[in-house]
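So the sequence shown is numbered by the working numbering: it starts at 2 and just counts up by one. Ideal Cβ positions, reconstructed from N, Cα and C, are used throughout, including at glycine.
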Amino acid sequence: MGFGLGVSPEQRATEAQIDEEMLALVTQLTNEVNWQMRERGLTRADLAARMGVSPGRVSQILGGGENLTLRTLAALSTALDARFDIELSSPKAEDTYQEESAPASNHHSFPRAQHHENARNGGAPRPRHR
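Now the structure itself:
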């Protein structure tokens, strides 16, 4: 046994995969919220006031360093007068986006945001995979 007392290589691999997925979700969430704020001309202070929290709390949320609750996500969507669309699907090559600023050997894949896809398709929404 190695240094991970009682932790199998499979468990370590699963934990690494979970961490990678968490990073991808946080990145997607913060990108979406920032995009929505820009579209509405909102500052972090404006968003904080709409959520009934301090601007520092909004900075914590957008900093991505914590596991957000569903209540916080609901507060964000209400404050932005928007909604989150949640879809759980099998990853497919055409449904993933590789972070362009990261080197090819160190990229994160996550589902593309609907508004980014709409912009690429001249406003037409991309078909949903069901």
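Excluding its 5 nearest sequence neighbours in each direction, Phe-85 has C-beta neighbours in its own chain below 7 Å: Leu-74 and Ser-78, listed in chain order. The count of Cβ pairs closer than 8 Å, one atom from the segment 20–40 and one from the segment 61–68, reaches three, so the stretches are in contact. Counted as a single uninterrupted DSSP element, the alpha helix (DSSP H) harbouring Arg-39 occupies residues 10–41.
A straight line joining the alpha-carbon of Asp-47 with that of Pro-56 spans about 8 Å.
In the structure shown, Asp-82 adopts coil according to DSSP, grouped into three states. In the DSSP assignment, Val-59 falls within the alpha helix (DSSP H) that extends over 56–64.
Annotation: Asn-35 to Arg-45 spans about 9 Å, alpha carbon to alpha carbon.
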